[in-house]
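Written out below as structure tokens is the structure these notes cover.
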Amino acid sequence: IAAGTYVGGWRIVKTMGMKITKLKPVGGFAAETAGAMTLFAATHAGIPVSTTHTITGSIVGVGMITKFSAIKWGIASRIAWAWFLTIPAAGLISAYRRENFLISQSFYPCSDAIQPCINILVTPVDLFDIGNNAGTVGG
């Protein structure tokens, strides 16, 4: 994540603050404040939300108040499609990688003693067995 932010961080900032709509400092302040208020409200209600989604919505809202046509809807729709496709794509890739790691034991040069550590790194969700031993760590 850090490497991705280092390489593409400025591109994201530029897209959010200049390509969706041109933000002035007061508009940026309003968008950040609205995003923070949305995050606080959602957290208080126990609703999991993405900070990226909330700030994008806030920026679009500020742009729409300024002028509805000031929003570059093509860029906003590309962002929405990327969000829509990210969850299933990440699920498919992680399912493939999990099966690849669990089936291909020859990938690991170590003995079976290290296998529990590898499973924890690859599949942290497996730490909590939701089935017969609900609530216990390690199944």
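In my numbering, the protein residues as written are -11 to 127.
By construction, the Cβ of each residue, glycine as well, lies at the ideal position given by its N, Cα and C atoms.
My assumption, with CB atoms under 8 Å, is that residue i sits in contact with residue j. Please give the rounded CB distance.
i	j	result
Gly5	Gly16	7 Å
Trp71	His41	7 Å
Below 7 Å between beta carbons: does that hold for residue i and residue j?
i	j	result
Thr26	Ile59	no
Val50	Ala18	yes
Gly62	Ile43	no
Val37	Ala30	yes
Note the first and the last residue of the continuous alpha helix (DSSP H) segment covering residue i.
i	result
Ile0	-10 to 2
Of all the options the options, which has the alpha carbon lying nearest to the alpha carbon of residue i?
i	options	result
Lys7	Glu87, Thr39, Ser65	Ser65
Thr21	Ile35, Ser46, Ala33	Ser46
Lys55	Ile0, Thr(-7), Leu11	Leu11
Thr3	Ile67, Ile75, Ala83	Ile67
Alpha helix (DSSP H) runs contained entirely in the stretch 14 to 68, provided each spans 4 or more residues:
39 to 54
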